[in-house]
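Report on one structure; see the data block that follows.
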Amino acid sequence: MSALEIDVFWSFRSPWSYLATPRLRQWQERYELDVRFRAVYPIAIRTPEFFLQMNPLWPSYFQRDLVRVAEFLELPLTWPNPDPVQQYLGDDGRPRTSEEQPHIHRLTRLGIVAEEQSRGIEFADEISRLIWQGTANWHEGGHLAEATERAGLDLAELDRVVAAEEDRIETRIEQNQADHEKAGHWGVPTMAFKGEPFFGQDRLDVLLWRLRKEGLQDRA
Numbered sequence: 010m011s012a013l014e015i016d017v018f019w020s021f022r023s024p025w026s027y028l029a030t031p032r033l034r035q036w037q038e039r040y041e042l043d044v045r046f047r048a049v050y051p052i053a054i055r056t057p058e059f060f061l062q063m064n065p066l067w068p069s070y071f072q073r074d075l076v077r078v079a080e081f082l083e084l085p086l087t088w089p090n091p092d093p094v095q096q097y098l099g100d101d102g103r104p105r106t107s108e109e110q111p112h113i114h115r116l117t118r119l120g121i122v123a124e125e126q127s128r129g130i131e132f133a134d135e136i137s138r139l140i141w142q143g144t145a146n147w148h149e150g151g152h153l154a155e156a157t158e159r160a161g162l163d164l165a166e167l168d169r170v171v172a173a174e175e176d177r178i179e180t181r182i183e184q185n186q187a188d189h190e191k192a193g194h195w196g197v198p199t200m201a202f203k204g205e206p207f208f209g210q211d212r213l214d215v216l217l218w219r220l221r222k223e224g225l226q227d228r229a
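Our numbering puts the first residue of the sequence shown at 10, with every later residue one more than the last.
Okay, structure coming up:
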């Protein structure tokens, strides 16, 4: 039987994506399963007006839930320094997305190339651990290069491809975002299997149940 396949629509700014990724990487290693990493831009880039429309209760609940889920999963969690998406507070106290974005475009494009080199979920796992586990100035020095090496890739090579093929890579990101919507959800992480979306790290157990019903097997 050939390996089953899932698409994972994922953002480098999403802590929920970070919390899901170790399990997705483990699944690919343990099971006859291909995890297709589909990097998309975060909602702050795709839909920046979201933060102007959200319920005032959303930020406090988001923070509380995020901290307890990370503790439950026994994964370190610290808000990134710097944030992959640059934002500022407006006069109403709500976040606005800055025009200048020095990090999120590079990270997302690198993720596309990593998947093209068959190490997408590995790259996502190592880079998100770097960003979300408290590494200050994760974008400086050798931090990104070392994390990329742990994923089995070479950062300089990835950067060269991004610089040479930026337009093509942006087209791939746009296609991922279109396929994300077609899969049936807008948030990340969304896992899609045979036309069925599973939104959120808290649906991974349900997805695993579905995969097993479809014949998921351990790797030999």
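Quick reminder that beta carbons are idealized off the backbone N, C-alpha and C, glycines included.
Note that the structure is predicted; figures quoted are calculated from it, not measured.
Contact set for residue i: own chain, Cβ-Cβ below 6 Å, skip 5 residues either direction
{"i": "E231", "result": "The question about residue 231 has no answer here: the residues shown for the chain are numbered 10 through 229."}
{"i": "A156", "result": "E135, I136, L139"}
{"i": "W36", "result": "L42"}
One or two residues paired with residue i in a DSSP bridge
{"i": "W19", "result": "A48"}
{"i": "Q96", "result": "T106"}
{"i": "Y2", "result": "It is not possible to answer for residue 2, since the shown part of the chain is limited to 10 through 229."}
{"i": "E14", "result": "D43"}
Selected residue, minimal CA-CA separation from residue i, among the options
{"i": "L216", "options": "P51, D101, P198", "result": "P198"}
{"i": "S137", "options": "E149, V76, L116, D168", "result": "L116"}
{"i": "D16", "options": "S23, D43, A145", "result": "D43"}
{"i": "W147", "options": "A173, H112, Q126", "result": "H112"}
{"i": "P51", "options": "A156, K222, Q186, D211", "result": "Q186"}
{"i": "L86", "options": "L28, R169, D100", "result": "L28"}
{"i": "G99", "options": "A79, I178, E58, E149", "result": "E58"}
{"i": "Q210", "options": "F81, Y70, L61", "result": "F81"}
{"i": "K203", "options": "L220, D214, N90, A154", "result": "L220"}
{"i": "T144", "options": "I178, N90, A192, A79", "result": "N90"}
{"i": "S107", "options": "D101, D92, P68, D214", "result": "D92"}
{"i": "R22", "options": "Q62, Q95, P31, S69", "result": "Q95"}
{"i": "Q62", "options": "E158, E174, R105", "result": "R105"}
{"i": "W25", "options": "D176, E109, Q37, W88", "result": "W88"}
{"i": "G102", "options": "Q126, D214, P68, K222", "result": "P68"}
{"i": "Y97", "options": "D214, F60, D74", "result": "F60"}
Beta-carbon proximity list for residue i, same chain, < 7 Å, skipping 5 on both sides
{"i": "R39", "result": "D227, R228"}
{"i": "G161", "result": "R128, E131"}
{"i": "N64", "result": "none"}
{"i": "F208", "result": "H194, G196, T199"}
{"i": "R34", "result": "I130, E131, D134"}
{"i": "A154", "result": "L164"}
Heavy atom of the ligand HEM within 7 Å of residue i beta-carbon
{"i": "Q110", "result": "Looking at this structure, you won't find the ligand HEM or any other ligand, since it has none at all."}
Extent of the continuous beta strand (DSSP E) to which residue i belongs
{"i": "P206", "result": "205-208"}
Helix, strand or coil at residue i according to DSSP, with G and I counted as helix
{"i": "A201", "result": "strand"}
{"i": "E179", "result": "helix"}
{"i": "E158", "result": "helix"}
{"i": "E124", "result": "helix"}
{"i": "G193", "result": "coil"}
{"i": "R129", "result": "The identity of residue 129 in the sequence shown is Gly, whereas the question assumes Arg. If DSSP states are grouped into helix, strand and coil, G129 belongs with the helices."}
{"i": "T56", "result": "coil"}
{"i": "H152", "result": "helix"}
{"i": "N64", "result": "coil"}
{"i": "D134", "result": "helix"}
{"i": "W141", "result": "helix"}
{"i": "L119", "result": "helix"}
{"i": "D188", "result": "helix"}
{"i": "W147", "result": "coil"}
{"i": "P85", "result": "coil"}
{"i": "H112", "result": "coil"}
{"i": "P31", "result": "helix"}
{"i": "P91", "result": "coil"}
Span of the alpha helix (DSSP H) around residue i
{"i": "Q72", "result": "67-82"}
{"i": "L216", "result": "213-222"}
{"i": "A172", "result": "164-173"}
8 Å CB neighbourhood of residue i in its chain, flanking five on each side removed
{"i": "I182", "result": "A48, V49, Y50, T117, R118, I121"}
{"i": "Q110", "result": "I54, V94, Q95"}
{"i": "L213", "result": "A29, R32, L33, M200, F207"}
CB contact check: residue i to chain C, cutoff 8 Å
{"i": "V44", "result": "The structure shown contains no chain C; it is built from a single protein chain."}
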